[in-house]
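The structure under discussion appears below in the form of structure tokens.
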Amino acid sequence: MLRLALPALVLLAGTLPGHAIEVQKSADLPAHPDKVWQTIGDFCGIADWHPAIEKCVASEKDGQKIRTLSLKGGGTLAEQQVSRDDKVMSYTYTILEGPLPVSDYRSTLAVAPEGSGSKVTWQGSFSAKGVPDPVAQDVISGIYDAGLKGIADKAK
1 MLRLALPALV LLAGTLPGHA IEVQKSADLP AHPDKVWQTI GDFCGIADWH
51 PAIEKCVASE KDGQKIRTLS LKGGGTLAEQ QVSRDDKVMS YTYTILEGPL
101 PVSDYRSTLA VAPEGSGSKV TWQGSFSAKG VPDPVAQDVI SGIYDAGLKG
151 IADKAK
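Here the sequence shown is numbered in the UniProt record's numbering, starting from 1 and rising by one per residue.
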């Protein structure tokens, strides 16, 4: 009996909610990667290029960079940079708290050479919180799409 129960439990565990949702968006830009990184590389510089961000306040907690984002229309979002590589032109961050319908959020924003220009990639993984998975996925996809358009407009 135990022999049958264990595989069934393993199979069931793979179908339960709570698995990580992945979103990846990218944009090809005519600008040189160094110029694009100059536009987006400052962790608190997101207020300069993302249309949903009214302002960003930088701080530190236990030696880690924190940004508190004031959202247009109200609300705040606190994020922590967990790794950064200026040579590779990428940084990774997590959401500490905020109004988004996600938990366990971890995201990386990166720039790489692409032809005579650059490619910006924004990818994240998270779990839905209080909403169905497709709703959470759509929210994050919309944030990435708006941000990539803002980057493209700013890095011309």
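Every residue gets a Cβ at the ideal spot worked out from N, C-alpha and C, and that includes glycine. Computed from a predicted structure; not experimentally measured.
Quiz prompt | Nearest neighbour of I21, chosen from A31, T92, A128 and K156 [CA to CA] | solution = Considering only alpha carbons, the answer is A128.
Quiz prompt | Euclidean distance between Cα positions of T92 and G74 | solution = When rounded, the distance between both Cα atoms is 25 Å.
Quiz item: How many angstroms separate the CA atom of K35 from the CA atom of V88?
Solution: Rounded to whole angstroms, K35 to V88 spans 14 Å at the Cα level.
Quiz item: Looking only at C-alpha atoms, which of V23, A31 and G130 sits nearest to G115?
Solution: In terms of Cα proximity to G115, the closest of V23, A31 and G130 is A31.
Quiz item: At which residues does the alpha helix (DSSP H) containing S141 begin and terminate?
Solution: DSSP places S141 inside the alpha helix (DSSP H), whose first and last residues are D133 to K154.
Exercise. Note the first and the last residue of the continuous beta strand (DSSP E) segment covering D104.
Key: Element bounds for D104: V102 to E114.
Self-check item: Limits of the beta strand (DSSP E) - the one that A58 falls within
Solution: Its beta strand (DSSP E) spans residues I53 to K61.
Quiz item: Comparing the C-beta of E22 with each C-beta of chain C, is any distance below 7 Å?
Solution: Among the chains in the structure shown there is no chain C, since it carries only a single protein chain.
Quiz item: Helix, strand or coil: which one does DSSP assign to V88?
Solution: V88 falls in the coil class under three-state DSSP.
Quiz item: Distance, Cα to Cα, P7 vs D133?
Solution: Low confidence applies to P7: its pLDDT is 39, below 50, so where it sits in the model is not reliable, and the reading given next is rough at best. Approximately 26 Å between the Cα atoms of the pair.
Practice problem: Note down the Cα distance separating residue 163 from Q137, rounded to an integer number of angstroms. | Solution: The chain is shown from 1 up to 156; residue 163 falls before or after that span and cannot be answered.
Self-check item: Limits of the beta strand (DSSP E) - the one that D28 falls within
Solution: Counting along the chain, the unbroken beta strand (DSSP E) around D28 starts and ends at I21 to L29.
Practice problem: Could you pull out every residue in the same chain whose Cβ sits closer than 7 Å to the Cβ of T39, ignoring the five residues on either side in sequence? | Solution: For T39, where only same-chain residues beyond five positions count, the Cβ hits under 7 Å are W49, I151, K154 and A155.
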